[in-house]
Structure formats: structure tokens, C-alpha cells
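Using our numbering, read the sequence shown as starting at 581 and increasing by one per residue.
For reference, the structure is listed below as C-alpha cells.
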Amino acid sequence: MSETYKTTIPLFIISVLGIWMVAEYFLPFLSPLIPLTDMIRNYSTILASAAWGVGTAILCLLHGRRVYRQSKDPFWGYSILFLVSFVVMLLLGLFQGTTSGSGFNWLYTYLMAPAHQALYSTTAFYVTSAGYRVFRFRNLDASVLMICGMFVLWSVLPLLTGFIPILVPIAKWINDTIAVAAYRGFVMGVALGIIGLSLRVFLHKHKEVLG
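Take a look at the structure:
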């Protein structure tokens with residue numbers, strides 16, 4: 581496939597549609613084009629759903645290949661578990677639906693949800709180890725982070741707040757003032773980065789976006 585079909589045409593479509601969406605939002609005289617813009621958004625939703633379907637099919641093919649070549653992969657048994665689970669959930673969802681009392685809902689409530697909770701609970705050990713590495717008086721920034729973090733942690737311990745009630749308003753001030761200000765700065769930085777990346781894509785200066 582030539583470079584025109586691989587990069588030039590897709591980037592041109594992305595540029596036109598991206599500039600169109602931005603202009604329609606900021607320029608009021610383009611309001612008559614709103615129905616057409618809504619139709620484009622609906623098509624993008626359909627394409628995204630189709631991408632989910634293609635991704636699911638590729639994932640099933642990948643695990644099916646691992647099962648077929650079981651002698652070359654020591655963890656091929658997990659692929660069998662995935663394929664069986666996928667087929668069972670798919671059939672239950674298609675024939676019984678996802679309403680309360682269905683087999684799909686039962687498997688999700690009593691198998692998937694507890695599995696997710698068990699997986700998330702293991703992250704507590706990683707958070708603890710990361711906190712130990714971060715909360716140390718290595719420099720001024722780390723010291724400020726440690727002091728603020730300790731106040732926030734102490735404010736949720738009834739044993740300490742009962743003897744030192746001032747911990748609660750201090751932690752609330754840290755969350756409502758310092759944390760919010762830092763979060764807004766982070767969001768503004770991300771927004772500027774997205775704008776810069778979008779401009780590079782619209783101007784065909786970031787062709788890596790297509791892989």
C-alpha cells in the first residue's frame with residue numbers, strides 16, 4: 581500500500597473533521613451545520629463500536645493460536661480459561677440478556693466483581709511501597725509532600741482525630757486548596773498538550789499517530 585493511502589489520506593480526513601468540530605463549537609454562524617456535525621459524531625460512535633468488535637475478534641484469535649500451539653507457550657491454559665469465559669458470557673448475554681436474575685448478571689456479580697476487588701486489593705501493597713519510597717525527607721519538595729500526606733492520612737484515623745481534632749480542618753484545607761490548585765494546573769497542562777498534539781496532527785507534523 582502506497583504512502584498516500586497509509587498516511588496522507590487518513591491525516592487529511594482527521595485534519596478536516598477535527599478543524600470542523602472545533603470551528604462548529606467556537607463559531608456561532610456555523611450553527612446550521614449542527615445536524616451534519618451530529619451525524620458525523622454518530623458515525624464516529626459506530627466506528628468506535630466496530631473497533632471494539634474487531635479488537636475482540638483479534639483477541640480471540642490470539643488466544644486460540646496460543647491454545648493451538650500449547651507446546652510453545654507455558655501459559656496456554658489461561659487462554660482456554662479466557663475463551664471459555666468469553667463464550668459463556670457472550671451466549672448468556674445474547675439469549676438471557678443482562679437483566680437482574682439472568683445468568684450473565686449472576687456471573688458478573690458473583691465472579692467478575694469479586695475478582696476485580698481481589699485484584700484491586702493487591703495494589704495496596706504497591707501503594708504502600710511507593711509511599712515508603714516517596715515520603716522521605718530527601719529534599720524540600722519531598723518534605724512538603726510528606727508533611728501534607730501525613731496530615732491527610734492522620735485526619736482519617738479516629739484514634740488521632742479524637743485527641744487532635746485540629747487535624748481534620750488542616751487536612752480539609754490541604755484537599756480544598758493545595759490539592760485542587762495542583763489538580764487544576766495538571767489539567768491545564770494536559771489540555772495544552774492535547775491542543776499542541778492536535779495542531780501537529782492537523783498540520784501533518786505528527787505522522788506517528790498512525791503507527
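Even for Gly, the Cβ is constructed at its ideal location relative to N, Cα and C.
key: Phe-655 versus Leu-772 - alpha carbon distance   = Taking the sequence shown and counting its residues from 1, one reaches residue 655 at position 75. Taking the sequence shown and counting its residues from 1, one reaches residue 772 at position 192. Taking the straight line from one Cα to the other gives about 43 Å.
task = Decide if Arg-646 is buried, meaning its Cβ has at least 16 other Cβ atoms within 10 Å, or exposed.
result = As a working mapping, residue 646 is identified with position 66 in the sequence shown. Result: buried.
query = If you check the beta carbons only, do Leu-672 and Ser-682 fall under 8 Å apart?
reply = As a working note, residue 672 is residue 92 in the sequence shown. As a working note, residue 682 is residue 102 in the sequence shown. Yes, they are a contact pair.
inquiry  = Measuring straight from C-alpha to C-alpha, what distance separates Leu-737 and Pro-590?
reply    = The residue labelled residue 737 in the question sits at position 157 within the sequence shown. The residue labelled residue 590 in the question sits at position 10 within the sequence shown. In a straight line, the C-alpha of Leu-737 is about 55 Å away from that of Pro-590.
request  = Please confirm if the segment 658-674 is in contact with the segment 683-690, defined as three or more CB-CB distances below 8 Å between the two stretches.
outcome  = yes
Which of helix, strand or coil DSSP assigns to Gly-729 = Indexing the sequence shown from 1 puts residue 729 at position 149. Of the three classes helix, strand and coil, the one that applies to Gly-729 here is helix, per DSSP.
inquiry  = For Leu-613, which residues in the same chain have their Cβ closer than 7 Å to its Cβ, ignoring the five residues on either side in sequence?
reply    = Position 33 of the sequence shown holds residue 613. Hits under 7 Å: Glu-604.
query = Whose C-alpha, out of Cys-728, Val-767 and Gly-765, is nearest the C-alpha of Pro-749?
reply = As a working note, residue 749 is residue 169 in the sequence shown. Comparing Cα-Cα distances from Pro-749 to each of Cys-728, Val-767 and Gly-765, the minimum goes to Cys-728.
Short Cβ contact (8 Å threshold) for Ile-626 with Leu-597 = The residue you call residue 626 lines up with position 46 of the sequence shown. The residue you call residue 597 lines up with position 17 of the sequence shown. For Ile-626 and Leu-597, no; Cβs fall outside 8 Å.
inquiry  = Rounding to the nearest angstrom, what Cα-Cα distance links Val-602 and Tyr-623 in this structure?
reply    = Mapped onto the sequence shown, residue 602 falls at position 22. Mapped onto the sequence shown, residue 623 falls at position 43. About 17 Å.
query = Helix, strand or coil: which one does DSSP assign to Asn-719?
reply = Position 139 of the sequence shown, counting from 1, holds the residue named residue 719. Looking at Asn-719 - three-state DSSP - the assignment turns out to be coil, as it is neither helix nor strand.
query = Terminal residues of the continuous alpha helix (DSSP H) containing Leu-737?
reply = For this step, residue 737 is matched to residue 157 along the sequence shown. No alpha helix (DSSP H) contains Leu-737, which DSSP labels as neither H nor E.
query = What separation, rounded to the nearest whole angstrom, lies between the Cα atoms of Pro-615 and Pro-608?
reply = Here residue 615 corresponds to residue number 35 of the sequence shown, with the count starting at 1. Here residue 608 corresponds to residue number 28 of the sequence shown, with the count starting at 1. Those two C-alpha atoms are separated by around 14 Å.
message = With H, G and I counted as helix, E and B as strand and the rest as coil, what does DSSP make of Phe-675?
response = In the sequence shown, the residue the question calls residue 675 occupies position 95. The answer is helix: DSSP assigns Phe-675 an H, G or I state.
task = Label Ser-735 either buried or exposed according to how many other C-beta atoms from any shown protein chain fall within 10 Å of its C-beta, with 16 as the threshold for buried.
result = Working through the sequence shown from its first residue, we reach residue 735 at position 155. That one is buried.
query = When the Cα of Val-667 is compared with those of His-643, Phe-592, Ser-709 and Pro-694, which residue comes out closest?
reply = Along the sequence shown, one-based indexing puts residue 667 at 87. It is His-643 whose Cα lies nearest to the Cα of Val-667.
inquiry  = Looking at the secondary structure, which residues open and close the alpha helix (DSSP H) in which Lys-752 lies?
reply    = For this step, residue 752 is matched to residue 172 along the sequence shown. 747-753 is the span of the alpha helix (DSSP H), which, as asked, contains Lys-752.
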